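Working notes, structure below.
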Amino acid sequence: MDTFDVIIIGSGPGGYVAAIRCAQLGLKTVIIERYSTLGGTCLNVGCIPSKAMLDSSEHYYNASHTFKTHGIELSNLKVNLEQLVSRKNDVVKQTVSGIDFLMKKNKITVFNGHGTFTGPKTVEVKKNDGSTIQIEGRNVIIATGSKPSSVPGVTINKKRIITSTEALNLKEVPKELVVIGGGVIGMEMGSVYARLGAKVSVIEFTDTICGGFDKSLSKELQKVLTKLGFTFYMQHKVTETTEKGKSVTVKATSLSDGKEIELKGDYVLVATGRKPYTDSLGLDKAGIVLDERNRIPVNEQCETVIPGVYAIGDVIRGAMLAHKAEDEGTFVAEIIAGQKPHINYLLIPNVVYTWPEVASVGYTEEQLKADNRAYKSGSFPFKASGRARASMDTEGFVKVLADKTTDEILGVHMIGPRAADMIAEAVVAMEFRASAEDIGRISHAHPTFTESLKEAALGATDNRAIHI
Ligand SMILES: Cc1cc2nc3c(=O)[nH]c(=O)nc-3n(C[C@H](O)[C@H](O)[C@H](O)COP(=O)(O)OP(=O)(O)OC[C@H]3O[C@@H](n4cnc5c(N)ncnc54)[C@H](O)[C@@H]3O)c2cc1C
1042 MDTFDVIIIG
1052 SGPGGYVAAI
1062 RCAQLGLKTV
1072 IIERYSTLGG
1082 TCLNVGCIPS
1092 KAMLDSSEHY
1102 YNASHTFKTH
1112 GIELSNLKVN
1122 LEQLVSRKND
1132 VVKQTVSGID
1142 FLMKKNKITV
1152 FNGHGTFTGP
1162 KTVEVKKNDG
1172 STIQIEGRNV
1182 IIATGSKPSS
1192 VPGVTINKKR
1202 IITSTEALNL
1212 KEVPKELVVI
1222 GGGVIGMEMG
1232 SVYARLGAKV
1242 SVIEFTDTIC
1252 GGFDKSLSKE
1262 LQKVLTKLGF
1272 TFYMQHKVTE
1282 TTEKGKSVTV
1292 KATSLSDGKE
1302 IELKGDYVLV
1312 ATGRKPYTDS
1322 LGLDKAGIVL
1332 DERNRIPVNE
1342 QCETVIPGVY
1352 AIGDVIRGAM
1362 LAHKAEDEGT
1372 FVAEIIAGQK
1382 PHINYLLIPN
1392 VVYTWPEVAS
1402 VGYTEEQLKA
1412 DNRAYKSGSF
1422 PFKASGRARA
1432 SMDTEGFVKV
1442 LADKTTDEIL
1452 GVHMIGPRAA
1462 DMIAEAVVAM
1472 EFRASAEDIG
1482 RISHAHPTFT
1492 ESLKEAALGA
1502 TDNRAIHI
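So my numbering is basically just the index in the sequence shown, starting at one, shifted up by 1041.
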């Protein structure tokens, strides 16, 4: 039986980053992936393809809605969905082949097949070519990710009642798309098809979309998506979906007055979250029992109950985000190599790639209130930014929350142009425990969207914003 220092099961951003870091640290590493391409959900059917389609649909939307104001006139504008999807597929292909290259460069053994524990440190790989091998690891990292989940009354059939995976490969733009679930994936994929002309309706159980974000961001996002054409049915519980021919009927009940609504769509996107993926992993053979939410329980070192067996990414507690999985991949590799790494979970940023984008780091205002923490707040709207006016991206704002006494930044929340990139400045500032005044005193190039963060920080410092 071949023995490795580290066996990694799953090649998403958690697994492949762990593999590279292990190899950099001189550990003999093998990675097992059941699909034919590496990169997991993120590269194949998640972050990368969804962003490719968001960008394409945004170009179309701008061409049909804002170009004229910019003085650019087009005629015969139309969507070629086949080409749009084919470009997306090319982006995915280039990205996953980049991971193949990195595995070779770092001399990591790759087995394409399904990995199953046969003991705490032994794994059987049923390879995609039909053969089977047994391997042994001094350490094992479980990085098997997640898969879409559903709600009672909704059976995903991948034809017209679909998940994000099928939504990335539709052959036609839906005329009417019903989205079940007001979370990030629903808002992003809903935006893609709304921009391409679909009438999008969202049914959400709670009273906020993108729950978990600072409420001010969720409210503003709902406002801009409503302008884009979304219809929201908040605080409604879906009870039934029925498909007949090319149409699906969705029934839902209002939580406030018990009234039933009935929506018809040619497609229904089920975006009610994702669940940890541990099918046929043989966890019982390893001696690992799942928690009440079907996650693999781990301690602060991401180690399971079995010493030397770790789990990272979507399959454990915490946010289901690619960069969280990556950070844990590096973290565990360094622990195995005897180092003392650290992850600051509070400072893992959270982003929604709608337009405008939403991005957030640190405590929300609701959390600070619940903790009775004395804080101050500064806010700056993009409509007061010269850069935003120049590009016609004036929706949204930046909000900075700082400790009332020390001025230390506690949270930064933004909805606006390029917020996904801009949040990095806030993460760096908070990682170095900067005060709001520190950001306010740092030179920000003019004109840039980032000046809005400086202005919001000045606002939080002492109501010192200049341009408002
Ligand atoms: C539409 C969509 C958009 C998203 N957009 C973003 C975004 O913009 N930003 C962001 O941060 N996150 C985003 N996410 C979430 C992100 O994709 C996940 O958080 C991330 O992929 C988790 O990484 P992971 O390594 O834990 O698992 P995964 O990426 O799910 O990878 C797990 C891999 O393990 C393999 N596997 C499972 N079991 C076995 C086994 N027994 N043997 C061998 N292989 C196995 C699976 O085939 C899979 O390839 C998005 C998700 C979706 C669905």
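For every residue, glycine included, the Cβ atom is placed at its ideal position computed from N, Cα and C. Computed from a prediction, not measured in an experiment: that's the story for all the values here.
As the crow flies, the alpha-carbon of proline 1215 is around 22 Å from that of threonine 1280. Under the Cβ criterion (8 Å, minimum of three pairs), the region 1369 to 1383 does not count as touching the region 1427 to 1443.
Bounds of the alpha helix (DSSP H) holding histidine 1364 are 1363 to 1377. In the DSSP assignment, methionine 1144 falls outside any beta strand (DSSP E) and lies within the alpha helix (DSSP H) extending over 1122 to 1146. As computed with DSSP, tyrosine 1274 is found in a beta bridge with Ile1244. By the criterion of a C-beta distance shorter than 8 Å, serine 1127 is surrounded by no residue of its chain, once the five residues flanking it on both sides are discounted.
Listed in chain order, the non-local C-beta contacts of glutamine 1263 below 7 Å within the same chain comprise Ile1250 and Phe1273, local neighbours out to five positions each way being set aside. Remark: the C-beta of valine 1181 is outside contact range of ligand 1, defined as less than 7 Å to any heavy atom. For glutamate 1074, the CB falls within less than 7 Å of some heavy atom of ligand 1. In this structure, DSSP gives valine 1309 an extended state, which the three-state scheme calls strand. DSSP lists Glu1165 as the bridge partner or partners of glutamine 1175. Taking the Cβ of glycine 1056 as the reference point, at least one heavy atom of ligand 1 falls within a distance shorter than 7 Å.
By the neighbour-count definition (other C-beta atoms within 10 Å, threshold 16), asparagine 1335 is an exposed residue. Between proline 1348 and serine 1187, the beta carbon gap of about 25 Å keeps them out of contact (Cβ cut-off 8 Å).
The beta-bridge partner set that DSSP reports for tyrosine 1404 is empty. In this structure, the C-beta of tyrosine 1394 approaches ligand 1 to less than 7 Å from one of its heavy atoms.
Rounded to the nearest angstrom, the Cβ distance from aspartate 1448 to glutamate 1478 is 6 Å, consistent with a contact under 8 Å. Counting every other CB atom within 10 Å of its CB across the protein chains shown gives leucine 1118 a total below 16, marking it as exposed. Here serine 1493 carries a helix assignment [DSSP, helix/strand/coil]. Counting only residues of its own chain and dropping the five nearest sequence neighbours on each side, threonine 1247 has a CB closer than 8 Å to the CB of Gly1223, Met1275 and Gln1276. DSSP places glycine 1160 in the strand class (E or B) of the three-state scheme.
Between phenylalanine 1372 and glycine 1178 a beta carbon distance of about 18 Å is seen, past the 8 Å cut, so the two are scored as non-contacting. For alanine 1293, the uninterrupted beta strand (DSSP E) run begins and ends at 1288 to 1295, by DSSP.
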